[in-house]
Each structure stands twice: as structure tokens, then as C-alpha cells.
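Enquirer: If you want the working numbering, it's the 1-based position in the sequence shown plus 1352.
Every residue gets a Cβ at the ideal spot worked out from N, C-alpha and C, and that includes glycine.
A quick note: this is a predicted structure, and the numbers were derived from the prediction, not measured.
Input: one structure, supplied below.
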Amino acid sequence: MTDQTGALAQLRLLDPWSAQVLDALATERLRQIEGEGWTSDHDDTHNTGDMARAASCYARLAAVQAREQALTGASEEPDAPVNFAVPVDWPWADEWWKPKNAAQNLKRAGALIVAEMARRLRAVDAKYAAADLQKAQS
């Protein structure tokens, strides 16, 4: 078993494709933070599962796109226009629904999952920090 600090290095050796995907997710997450301004503080306001729900919308669309490609034999065009209706469970305003090709949609979904997991970790840390502070004050 590998500790978390060595997991990515070991993954690069055992499955370089997965490591490449994780790098792509990190790049997309950085774009969301630096390009869109979706910082940790902003993400922490989405504490009702919004980011996970948004991720599921993009992942579900990627599955539809993959099925369509498999059935038609079409190849994925990286810059082809994508026109899919806003999902009914999309958590935000319609103008934030910006689907692309399947690979881009999966990358967005993965980065949103990263953001949601990080938000949950911060919430747990804050909860324990508050409990520790309360114990120290009593």
C-alpha cells in the first residue's frame, strides 16, 4: 500500500494514462480558480451538493455523447458545437451550462468533483477546529 504522497508517483509508473487524466483535472481546476474566480471561499458557499450535481450533469452528458459516437461511428470533434438543453437538475443559472465534447465534459465533471471533495474536507477541518477551540475555552 502506498501513502498518499507517493500515490501519484506510483500511478505514473503503473498507469500513466490515469496520471495524465489527473493532471488534466488539476489543470481544469486551476482554470476554474484562476480564470473563473471559483476560489475555495466561493466553493464553500455551495454546501448543498451543487458542485456534485453539476459534475453529474456534465458526466451524464459525456455518457450520452459516448453512446452516440459508438452507435454512429462518429469521431469526437474537439471544437464541434454542442447544443444540449440545460438539465433539469442543473444547480445554477442556465448561462453557466456550457457543454463541450465528451472529453471536455468529463474534465469539467472531474474538476467539480475535486472542488466538492476539497470543500467537504475543509468543512470537516473547520468542524474539528471549532470543537478543539471550544474544548480549549472550557
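Using only the alpha-carbon positions, how far apart do L1413 and P1368 sit?
Expert: What you label residue 1413 is simply residue 61 of the sequence shown in a count that begins at 1. What you label residue 1368 is simply residue 16 of the sequence shown in a count that begins at 1. Distance from the CA of L1413 to the CA of P1368, rounded to the nearest whole angstrom, comes to 26 Å.
Enquirer: For K1459, would you say it is in contact with chain B, using Cβ-to-Cβ distances shorter than 7 Å as the test?
Expert: Annotation note: the requested chain B is absent from the structure, which comprises a single protein chain.
Enquirer: Is the stretch 1451 to 1464 touching the stretch 1370 to 1380, taking contact as three or more C-beta pairs under 8 Å?
Expert: yes
Enquirer: Could you give the DSSP three-state label for D1441: helix, strand or coil?
Expert: Counting from one through the sequence shown, the residue named residue 1441 turns up at place 89. Note: D1441 maps to coil in three-state DSSP.
Enquirer: Tell me the rounded alpha-carbon separation between C1409 and A1488.
Expert: Working through the sequence shown from its first residue, we reach residue 1409 at position 57. Working through the sequence shown from its first residue, we reach residue 1488 at position 136. When rounded, the distance between both Cα atoms is 44 Å.
Enquirer: Using only CA atoms, which one of V1476, M1403, D1395 lies nearest to W1442?
Expert: Working through the sequence shown from its first residue, we reach residue 1442 at position 90. Nearest C-alpha to W1442: M1403.
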